[in-house]
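*Asks:* Submitted below is the structure of interest, expressed as structure tokens.
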Amino acid sequence: TGYPLELADDLVDATQNIDPLVHASAALRTCAVNLTKIANDLRLMASGPIAGFGEIRLPARQPGSSIMPGKVNPVMAEVVNQVAFRIMGNDLTVTLVAQAGQLELNVMQPVAFHALLESADILANVLEVFTKYCVTGIEANAEATRAQAESIPGLATALNPYIGYDAATGIANEALATGRSIRELVLERELMDEALLDRVLQPEALTSPRSLDFTGEEVIA
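Last residue of the sequence shown? That's 315 in my numbering, and every number before it is there in order.
Have a look at this one:
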């Protein structure tokens, strides 16, 4: 067969029960579940270009949609989804086979072996092509993500220690009403020095745990 198969240690138990196949299939299913979740996240992050998230760009692997000119579908992520669904279905097949045995024999084993080996093959294949034709070509849409980050009214929360709650609330409300950025409004009202504001609002400071003093400098504990 070309597969590195080995004889079971207990042939009687292996004839009666196929729980090792259930464990192996479950491991493949778990990998497929996590992989399809990753594919879903990438599809969502790449959605757009107008009404979607548009945070990243996935490599274009086909001319586009047959009904919408210019539209490029996330086909490699969709391939991952479909392979994962097949693996999940194969796992259910293995589960049903495992409980279908009677007394000393399980005559349903051939389909369980077929399902398990197919899952291993297609999972290995899709990991390779997904990495090669999608993951390695992902690009961040830096301009769009920065613009989105700077326009979030909740960003004003980071300003509380520097301009006070009332002023921060006013900035947040105006940003929400006008669509202008928090940074633009703070500088327009001369509420903070530009250099300090840049330090306070830098993405790294807002997305990782750290302590800042009232000058915006990082505090080393």
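For glycine and all other residues, C-beta sits at the position ideal for the given N, C-alpha and C.
1. Count Cβ pairs between the stretch 255 to 268 and the stretch 184 to 198 that sit closer than 8 Å; are there 3 or more?
2. Name the DSSP beta bridge partners of L199, please?
3. Does DSSP classify I216 as helix, strand or coil?
4. Are A288 and L279 close, meaning C-beta to C-beta below 8 Å?
5. Based on the DSSP output, what are the partners of A234 in its beta bridges?
6. Could you tell me the distance, in whole angstroms, from the CA atom of D113 to the CA atom of D107?
7. Can you tell me the Cα-Cα spacing of S275 and D292, whole angstroms?
8. Note the first and the last residue of the continuous alpha helix (DSSP H) segment covering V166.
9. For V169, which residues of its own chain have a beta-carbon under 8 Å away from its beta-carbon, when the five flanking residues on both sides are left out?
10. Give the range of the alpha helix (DSSP H) segment to which T301 is assigned.
11. Using beta-carbon positions only, say whether L122 and D185 come within less than 8 Å of one another.
12. Can you tell me the Cα-Cα spacing of A234 and Q196, whole angstroms?
13. Hey, how far is the Cα of S298 from the Cα of A133?
14. Please classify S245: does DSSP put it in a helix, a strand, or coil?
15. Report the rounded CA-to-CA distance for V214 versus Y97, giving the unit in angstroms.
16. Please state the DSSP three-state secondary structure of Y256.
17. Measure the CB-CB distance between L199 and A126 and report whether it falls below 8 Å.
18. How far does the alpha helix (DSSP H) with I112 in it extend, from its first residue to its last?
*Replies:* Taking the coordinates as given:
1. no
2. Reading the sequence shown from its first residue, position 105 is the one you call residue 199. Note: L199 sits in a beta bridge opposite Q196.
3. Locating residue 216 in the sequence shown gives position 122, where the first residue counts as 1. I216: helix per DSSP, three-state reduction.
4. Walking along the sequence shown from the start, residue 288 turns up at place 194. Walking along the sequence shown from the start, residue 279 turns up at place 185. For the sequence presented, residue 288 should be read as Glu rather than Ala. No. Outside cutoff.
5. Numbered from its first residue, the sequence shown carries residue 234 at position 140. Answer is I150.
6. Position 19 of the sequence shown holds residue 113. Position 13 of the sequence shown holds residue 107. Looking at the two C-alpha atoms, the distance is approximately 10 Å.
7. Here residue 275 refers to the residue found at position 181 when the sequence shown is read from its first residue. Here residue 292 refers to the residue found at position 198 when the sequence shown is read from its first residue. Cα-Cα distance, rounded: 13 Å.
8. As a position in the sequence shown, residue 166 is number 72, starting the count at 1. It is not in any alpha helix (DSSP H) - V166 carries neither H nor E in the DSSP assignment.
9. Mapped onto the sequence shown, residue 169 falls at position 75. Cβ within range, chain order: R155, Q156.
10. To locate residue 301, count along the sequence shown from 1; it is residue 207. Element bounds for T301: 297 to 301.
11. Indexing the sequence shown from 1 puts residue 122 at position 28. Indexing the sequence shown from 1 puts residue 185 at position 91. Cβ atoms of L122 and D185: closer than 8 Å.
12. Here residue 234 refers to the residue found at position 140 of the sequence shown. Here residue 196 refers to the residue found at position 102 of the sequence shown. Their Cα atoms are separated by approximately 55 Å.
13. For this step, residue 298 is matched to residue 204 along the sequence shown. For this step, residue 133 is matched to residue 39 along the sequence shown. The residue asked about is misnamed: residue 298 is Glu in this sequence, not Ser. Cα to Cα, the separation comes out at about 25 Å.
14. Stepping through the sequence shown from its first residue, residue 245 is reached at position 151. It is coil, neither helix nor strand.
15. For the purposes of this step, residue 214 is identified with residue 120 of the sequence shown, where counting begins at 1. For the purposes of this step, residue 97 is identified with residue 3 of the sequence shown, where counting begins at 1. The question names Val, but residue 214 in the sequence shown is Ala. Straight-line Cα distance between these residues: approximately 11 Å.
16. In the sequence shown, the residue the question calls residue 256 occupies position 162. Three-state result, Y256: helix.
17. Here residue 199 is taken as the residue at index 105 of the sequence shown, counted from 1. Here residue 126 is taken as the residue at index 32 of the sequence shown, counted from 1. Cβ atoms of L199 and A126: not closer than 8 Å.
18. Here residue 112 is taken as the residue at index 18 of the sequence shown, counted from 1. Note, I112: premise wrong, no alpha helix (DSSP H); not H, not E.
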